[in-house]
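Accompanying notes for the structure given below.
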């Protein structure tokens, strides 16, 4: 079995050979979460990955600050998707657009890269790939790094917004009673089972299944598992390609990794609940269940 869209995933050796290609632009999109499990009103502190970027990054790479520059900072939730006009302008101001092939990578997890990948799909910009394993794999292989900051000149593209990718709590609530929909929780098992009140009321959206995002990547390298391994995980949960799959997590980040790999294996009707449990667990009008 192979991924359906192999061009969306690039390996380190390929990128090494593209470092002098002016049509390839590389972006570090790392964010760091510091969990505060004893404060459900504030499940985590958000730290930009910029300080890590300044210490070591892929030569030529620029940095993207997800929370400050690519989220709705008027929202009471972290990482909320901003309106499409703002997001398109932010992408273009940072150099994302024609004719450039954009490479996203992150440190200590692929979910930040997949978040940016899905935001690009939302805007209709398709020349996007993710570096498999991120900078962890790059450094493990002994490939070159640098510490000087870089930025790209602005670029342009014509946004064609796909407003079917990201969904709200009303959509998710209606999906619960729809036999043609499946809800997938990408959070770790303890959060799914209700053993950890990180986001407020402990538990999960009723009738959702648990496919933790970290089970879909190699623990030592952060690289995606093989298509066969991933499909085996999906098959264990009897996922059907004919159904709508709604992915959620804590704040719309980890769910993008599950959704990306579902897309790679031919599941086409995919949704991402943007505010996820950060919103759901705090709204007493919404049902929740736990073991």
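In the numbering used here, the protein residues as written are 123 to 413.
Virtual Cβ for every residue (Gly too), placed ideally from N, Cα, C.
No Cβ-Cβ contact shorter than 8 Å links residue 227 with residue 300.
By the Cβ rule, the segment 250–264 counts as touching the segment 128–144, because three or more pairs are nearer than 8 Å.
In terms of Cα proximity to residue 325, the closest of 341, 308 and 340 is 308.
When the Cα atoms are used, residue 165 and residue 398 turn out to be separated by approximately 13 Å. If you draw a straight line from the Cα of residue 242 to the Cα of residue 358, it is about 30 Å long. The DSSP assignment places 153–157 and 166–170 as complete runs of the beta strand (DSSP E) inside the segment 148–207, in order along the chain (cut-off: 3 residues). Annotated three-state conformation of residue 345 is coil, per DSSP.
Taken atom to atom, the span from the alpha-carbon of residue 177 to that of residue 375 is near 24 Å.
Taking C-beta separations shorter than 7 Å and ignoring five residues to either side along the sequence, the partners of residue 156 in its chain run 166, 167 and 169, following chain order. Straight across, the Cα-Cα distance linking residue 259 with residue 343 is about 6 Å.
Counted as a single uninterrupted DSSP element, the beta strand (DSSP E) harbouring residue 223 occupies residues 223–227. When DSSP assignments are scanned along the segment 278–359, the uninterrupted stretches of beta strand (DSSP E) that are 3 or more residues long and fall wholly within it turn out to be 303–307. Residue 257 carries a helical assignment under DSSP once its states are collapsed to helix, strand and coil. Residue 336 and residue 355 have their C-alpha atoms some 12 Å from each other. Taking a C-beta distance under 8 Å as the contact criterion, residue 214 and residue 278 qualify as a contact pair. When only Cα atoms are considered, residue 338 and residue 348 end up about 9 Å apart. Counting every other CB atom within 10 Å of its CB across the protein chains shown gives residue 200 a total of 16 or more, marking it as buried. One alpha carbon belongs to residue 401, the other to residue 276, and they sit about 34 Å apart. In the three-state DSSP reduction, residue 369 falls in the strand class (E or B).
In summary, residue 266 is exposed, with fewer than 16 beta-carbon neighbours lying within 10 Å of its beta-carbon over all protein chains present. With fewer than 16 other CB atoms across the displayed protein chains lying within 10 angstroms of its CB, residue 360 is exposed. Residue nearest to residue 330 within the set 366, 350, 322 and 340 is 366 (criterion: CA-CA distance). In the DSSP assignment, residue 392 falls within the unbroken beta strand (DSSP E) covering 392–395. A buried status is given to residue 188, since no fewer than 16 other beta-carbon atoms sit within 10 Å of its beta-carbon. Of the other Cβ atoms in all chains shown, 16 or more fall within 10 Å of the Cβ of residue 393; this residue is therefore buried. Between residue 146 and residue 216, the beta carbon gap of about 15 Å keeps them out of contact (Cβ cut-off 8 Å). In the structure shown, residue 398 falls within a helical segment according to DSSP collapsed to helix, strand and coil. Closest option to residue 390, judged by alpha-carbon separation, among 195, 249, 368 and 352: 368.
In the same chain as residue 235, and ignoring 5 residues on each side of it, the C-beta atoms closer than 8 Å to its own belong to 151, 226, 227, 228, 252, 253 and 256, in chain order.
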